[in-house]
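Here the structure comes first, spelled out in structure tokens, and everything after it is commentary.
In the numbering used here, the protein residues as written are 1 to 149.
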């Protein structure tokens, strides 16, 4: 039997759609009135280290999530500081800012993709996991790769 040498794409397991909003309460109220939810606040790991454009990230957010079938709808409201979310809100307004895919080895996938010209916008690490926001360099598409325990 021939061994399958084709590598799995880091984009094969969609788990989240990230939407930047100006007002978290208004967004949740409207989406809830349409039957989307319940929304739960998301707490970021306290031991995380974050970088935005290779500099330490010093920003605050409100983040809430709700499941849409197997995919999470994540709402992000930038509160203070510079971040990809604030950049998106200021340049494009509210809307889908990223889609996220689960990976088993974040460092390996990021290394492979940066060799192919992908830019890392944001990077965060914590005990047992991490994320990377990747600008694919086409159509304004930002993919977040997420490694969890």
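Glycine included, each C-beta is placed from N, C-alpha and C at the ideal position.
This one's a predicted model, so the numbers in the text were calculated from it and none came from an experiment.
| field | Straight-line Cα distance separating residue 32 from residue 102 | value | Residue mapping note: residue 102 aligns to position 102 of the chain shown, counting from 1. Residue mapping note: residue 32 aligns to position 32 of the chain shown, counting from 1. Looking at the two C-alpha atoms, the distance is approximately 26 Å.
| said: Per DSSP, what are the beta-bridge partners of residue 98 in this structure? | reply: Locating residue 98 in the chain shown gives position 98, where the first residue counts as 1. According to DSSP, residue 98 bridges with 18.
| message | Here's the rule I'm using: 16 or more other beta-carbon atoms within 10 Å means buried, otherwise exposed. How should residue 3 be labelled? | response | The sequence position of residue 3 within the chain shown is 3, counting from 1. Low confidence applies here, because residue 3 scores a pLDDT of 48, under 50, leaving its location unreliable and the question unanswered by this model.
| How big is the Cα-Cα spacing for residue 123 and residue 51? | Here residue 123 refers to the residue found at position 123 when the chain shown is read from its first residue. Here residue 51 refers to the residue found at position 51 when the chain shown is read from its first residue. Computed Cα separation, rounded: 5 Å.
| said: Considering just the uninterrupted stretch of the beta strand (DSSP E) at residue 60, what are its terminal residues? | reply: To locate residue 60, count along the chain shown from 1; it is residue 60. That run of the beta strand (DSSP E) goes 60–68.
| task | Check the C-beta distance from residue 81 over to residue 20 and give it rounded, since I have them as a contact under 8 Å. | result | Position 81 of the chain shown, counted from the first residue, corresponds to residue 81. Position 20 of the chain shown, counted from the first residue, corresponds to residue 20. Not quite, the Cβ-Cβ distance comes to about 14 Å (not below 8 Å), so this is no contact.
| task | Hey, could you find the ends of the beta strand (DSSP E) residue 92 is sitting in? | result | Along the chain shown, read from residue 1 onward, the residue named residue 92 stands at position 92. Where residue 92 is concerned, there is no enclosing beta strand (DSSP E), although the alpha helix (DSSP H) it sits in stretches over 84–92.
| Can you check whether the CB of residue 64 is closer than 8 Å to the CB of residue 88? | Within the chain shown, residue 88 is the residue found at index 88, counting from 1. Within the chain shown, residue 64 is the residue found at index 64, counting from 1. No, the Cβ-Cβ distance between residue 88 and residue 64 is not below 8 Å.
| request: Go ahead and label residue 109 buried or exposed: buried means 16 or more other beta carbons lie within 10 angstroms of its beta carbon, across all protein chains shown. | output: Locating residue 109 in the chain shown gives position 109, where the first residue counts as 1. Buried is the call here.
| task | For residue 130, count neighbouring Cβ atoms within 10 angstroms of its own Cβ and tell me buried if that reaches 16, exposed if not. | result | Position 130 of the chain shown holds residue 130. Result: buried.
| request: Give every residue of the same chain whose Cβ lies closer than 7 Å to the Cβ of residue 117, excluding the five residues on either side of it in the sequence, and list them in chain order. | output: As a working note, residue 117 is residue 117 in the chain shown. Cβ within range, chain order: 137.
| residue 47, DSSP secondary structure in three states | In the chain shown, the residue the question calls residue 47 occupies position 47. Correct three-state label for residue 47: coil.
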